[in-house]
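Below is one structure, written out as structure tokens, with a few remarks after it.
2 protein chains.
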Amino acid sequence: MILSPGATVGILGAGQLGRMLAMAALKIGLRCHVYAPETEAPAHDAAHARTIAPYEDRAALRRFVETCDLVTFEFENVPTECLEFLQTLKPVRPSPRALALTQDRLTEKTFLRGLGLETAPFADVADAGALMRAVREIGRPSILKTRRFGYDGKGQTMLREGSDLGAVHRALGAGPMILEGFVAFEREVSVIAARSLEGAVVAYDLCENEHERHILARTRVPAHVAPELLPRAREIAEKIIVGLDYVGVIGVEMFCARDAAGAERLIVNEIAPRVHNSGHWTIEGAETSQFEQHMRAIAGWPLGATTRRGLIEMRNLIGEEAEDWRDILAEPDMSLHLYGKLQARPGRKMGHVTRVLRP
Amino acid sequence: MILSPGATVGILGAGQLGRMLAMAALKIGLRCHVYAPETEAPAHDAAHARTIAPYEDRAALRRFVETCDLVTFEFENVPTECLEFLQTLKPVRPSPRALALTQDRLTEKTFLRGLGLETAPFADVADAGALMRAVREIGRPSILKTRRFGYDGKGQTMLREGSDLGAVHRALGAGPMILEGFVAFEREVSVIAARSLEGAVVAYDLCENEHERHILARTRVPAHVAPELLPRAREIAEKIIVGLDYVGVIGVEMFCARDAAGAERLIVNEIAPRVHNSGHWTIEGAETSQFEQHMRAIAGWPLGATTRRGLIEMRNLIGEEAEDWRDILAEPDMSLHLYGKLQARPGRKMGHVTRVLRP
């Protein structure tokens with residue numbers, strides 16, 4: 001099903017990703033209906049229509065989907081049941097199957113291995129008893145993570161020599177987990193890629209990411225890696241997006257590490273089944289933004305060029321950093337984005353700033 | 360009064376200019392409340408809140424302005440009384456005075472002359488009797504225009520040898536008019552400029568405009584004029600924006616003509632007290648878009664850089680031309696904008712396309 005201009009796209013989730021998706025939709029003549037449980041949230045400001053209801057409310061979902069021509073999501077922790085229900089009524093892109101696979105760190109890593117891609121060593125930790133065996137297999141340092149609902153460093157703990165395994169397991173909620181070997185990486189990088197309804201794949205240039213307290217702080221493009229890694233990173237993203245039979249924009253996070261011989265190699269860390277924070281620079285820095293790209297893909301429209309326009313630096317404004325908005329506006333080469341969040345809390349993404357240095 | 364992020368800007372008028380203003384507001388964390396008589400209109404899609412009511416409805420205006428921190432307009436034919444009423448309750452930027460002056464072709468031209476700027480020769484046509492005297496003074500070909508409510512070629516007629524003056528006068532409504540001498544111009548150009556609350560002035564590079572049936576068809580930047588005209592055009596725009604004590608973005612339309620000695624000179628045609636169609640290229644083609652620039656100016660924020668990013672071509676999509684949207688999307692260097700208008704009528708601006716050729 002291909003959309004016409006004027007069609008309505010339903011977006012599940014109302015954060016800044018939804019806000020920027022809705023803004024991109026406006027540019028190309030599409031309307032958005034945003035569905036989320038939160039009454040005050042960034043995407044509501046940019047939406048043509050809003051539904052505020054839990055993801056489990058079947059009646060609200062039904063009323064919502066009746067106004068939409070198709071549905072997408074900006075938030076990877078939307079319950080799969082919600083998307084599966086919506087899919088019985090209207091197309092959902094990307095598919096609930098792709099989302100479900102990436103929502104669970106164990107199925108995600110198993111899928112990546114199945115594609116022949118390198119990941120950190122990992123082991124299933126079904127219960128406390130399995131944790132001991134997993135630690136013997138993977139060693140320490142290693143990272144114990146809940147299988148589901150993790151983001152920005154939430155739902156994970158580093159296991160070191162002497163960590164109290166039982167206590168850590170309980171602190172993470174004693175549910176299904178995965179133990180991952182620690183990767184001594186040199187850099188974190190990501191690829192933002194898109195696949196059209198017809199199967200065409202495009203990718204943006206490799207991003208280099210710096211995190212602070214598990215939250216993305218800065219992205220630079222291009223990444224400072226060995227040149228042979230650039231086509232390799234693209235290849236990995238393409239394998240994943242095709243393997244998932246995915247329609248839309250995806251973010252693939254990778255580690256860049258050195259092997260024993262000193263050569264750089266790429267280890268896939270995780271898949272974000274949505275537009276991605278490390279792709280925000282594409283608004284000013286690429287021919288087509290990742291947000292417009294996602295809308296084009298799910299609408300069944302041709303994908304846009306991903307050509308980069310210069311040397312990129314994108315910085316997130318976290319918590320109180322957004323108070324510098326006036327100084328940032330006064331810098332001639334900085335583009336300020338604020339997400340309309342009225343309260344700055346520590347660790348909260350309030351906006352971002354992009355600088356494109358023209359070659 | 361200076362706005363903080365999260366503040367609400369009221370916009371009078373709900374066309375594509377309002378839509379793109381509201382999108383720019385979203386980018387920098389401002390909200391928009393759109394007020395217009397039309398139920399279906401481009402800016403409503405991008406607004407946080409909408410009021411649909413006539414510009415004369417005092418009760419609706421009062422409810423609207425209570426939700427706003429300040430008010431601006433995207434439509435130059437808002438009744439001055441409406442703005443003057445709103446101004447008693449909240450700041451209106453640009454000022455109702457600037458709007459009133461430019462709404463009337465006679466006061467506008469008189470103002471321009473007062474600044475020492477060249478315009479077409481003109482004469483006041485208060486009534487049918489004055490028309491004969493005006494034609495004797497200005498000669499033919501000349502253009503008879505209503506003093507108010509003209510745009511896109513509406514409210515004007517060319518007077519040639521043999522035109523029936525009485526019939527033309529009646530056809531234009533027999534109200535107050537102005538007769539303007541015909542300028543044999545080589546090109547039409549425009550300057551988009553902005554002035555901040557503190558009085559700083561910036562201008563974008565000179566645009567060259569091609570009209571078809573009185574509607575802007577194409578804009579190219581930079582304009583192909585003698586190099587000495589570029590600072591002159593900027594100077595003219597600066598005189599006007601300062602002379603109006605203006606806050607916000609203004610469009611100044613000029614003719615480029617040759618004098619008897621063959622030298623090029625600039626003749627001011629008209630002032631648009633708002634963002635301008637010939638400035639749409641600034642979204643992709645300049646460091647700061649004219650829409651964000653307007654929002655920054657009226658918010659009391661620092662203005663942004665106007666640096667151009669390449670050779671620009673902007674094309675309006677008029678009426679059925681918007682049906683080519685899919686072919687345009689498939690062109691890698693074209694950026695498509697659609698205004699969400701559901702019905703294409705002849706002469707209706709449905710969207711635009713920008714191409715930035717990188718140097």
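Chains as they are written, first to last, in the numbering used here: chain E, 1 to 359; chain D, 360 to 718. Note that beta-carbon positions come from the ideal geometry of N, C-alpha and C, so glycine has one too. In this text, all values refer to a predicted model and were calculated from it rather than measured experimentally.
Check whether the Cβ of Ile-298/E lies closer than 8 Å to any Cβ atom in chain D.
no
Given a cut-off of 8 Å, decide if Thr-578/D and Glu-567/D are closer than it, judged by their beta-carbon atoms.
yes
Which residues bound the alpha helix (DSSP H) around Glu-425/D?
417-425
Chain-order list of residues whose beta-carbon lies under 6 Å from that of Pro-718/D (same chain, five-residue window excluded):
Gly-669
Give a yes or no on whether 8 Å exceeds the smallest Cβ distance from Lys-27/E to chain D.
yes
Give the straight-line distance between the Cα atoms of Val-168/E and Ile-250/E, rounded to the nearest whole angstrom.
The straight-line gap from Cα to Cα measures roughly 32 Å.
Alpha helix (DSSP H) containing Phe-111/E: first to last residue?
105-114
Val-34/E - partner residues in DSSP beta bridges
Ile-11/E, Arg-50/E
Please state the DSSP three-state secondary structure of Leu-336/E.
strand
Whole-Å CB distance - Gly-300/E paired with Gln-290/E, under 8 Å assumed
Incorrect: roughly 18 Å between the Cβ atoms, too far for contact.
In whole angstroms, give me the CA-to-CA distance for Ala-53/E and Pro-42/E.
Cα-Cα distance, rounded: 16 Å.
With DSSP collapsed to three states, give me the class of Ala-130/E.
helix
Nearest residue (CA-CA) to Glu-547/D, options Val-580/D, Ala-645/D, Ser-522/D
Val-580/D
Extent of the continuous alpha helix (DSSP H) to which Ile-653/D belongs:
The question names Ile, yet the displayed sequence has His at residue 653/D. Per DSSP, His-653/D belongs to the alpha helix (DSSP H) from 649-658.
For the beta strand (DSSP E) holding Phe-185/E, just list the boundary residues, first then last.
Segment: none, Phe-185/E is in no beta strand (DSSP E) and carries neither H nor E.
Sort Tyr-204/E, Gly-116/E, Glu-264/E, Leu-172/E by Cα distance to Ile-312/E and report the nearest one.
Tyr-204/E
Any C-beta of chain E under 8 Å from that of Ala-395/D:
Residue contact check for Ala-395/D against chain E: no CB pair falls below 8 Å.
Residues of chain D with CB closer than 8 Å to the CB of Glu-313/E, please, in chain order.
None at all; the shortest Cβ gap to chain D is about 15 Å.
Between which two residues does the beta strand (DSSP E) containing Arg-258/E stretch?
Arg-258/E: member of the beta strand (DSSP E) spanning 248-258, first to last residue.
Taking Lys-341/E as the reference, give the member of Leu-26/E, Met-23/E, His-44/E with the closest Cα.
His-44/E
Closest to Lys-349/E by C-alpha separation, out of His-214/E, Cys-256/E, Gly-155/E, Ile-138/E, would be which residue?
His-214/E
Measuring only between beta-carbons, confirm whether Leu-556/D sits less than 8 Å from chain E.
no
Within 10 angstroms of its Cβ, does Leu-716/D collect 16 or more other Cβ (buried), or is it exposed?
exposed
Under the assumption that Leu-229/E contacts Glu-264/E (Cβ atoms under 8 Å), give the Cβ distance between them as a whole number of angstroms.
6 Å
Just to check, is the beta-carbon of Val-65/E closer than 7 Å to a non-hydrogen atom of the ligand FMN?
The ligand FMN is absent from the structure shown, which contains no ligand whatsoever.
Test: Tyr-563/D CB closer than 8 Å to a CB of chain E
So no, Tyr-563/D is outside the interface.
Between which two residues does the beta strand (DSSP E) containing His-570/D stretch?
566-571
Specify the secondary structure class of Ala-585/D as computed by DSSP and reduced to three states.
coil
Are the C-beta atoms of Pro-302/E and some chain D residue less than 8 Å apart?
yes
Based on the DSSP output, what are the partners of Arg-315/E in its beta bridges?
Arg-218/E, Val-353/E
Applying a beta-carbon distance threshold of less than 8 Å, which residues of chain E neighbour Leu-371/D?
The premise fails here: Leu-371/D is roughly 19 Å from chain E at the closest Cβ pair, so nothing lies under 8 Å.
Using beta-carbon positions only, say whether Gly-248/E and Arg-93/E come within less than 8 Å of one another.
yes
Once DSSP output is grouped into helix, strand and coil, what is the label at Asn-77/E?
coil
His-276/E and Ser-335/E - do their beta-carbons sit closer together than 8 Å?
no
At the 8 Å Cβ level, is Arg-714/D part of the contact set with chain E, yes or no?
no
Quick one, are the C-beta atoms of Pro-458/D and Thr-478/D less than 8 Å apart?
Before going further, note that residue 458/D is Leu rather than Pro in the sequence given. Their beta carbons are not under 8 Å apart, which means Leu-458/D does not touch Thr-478/D by this criterion.
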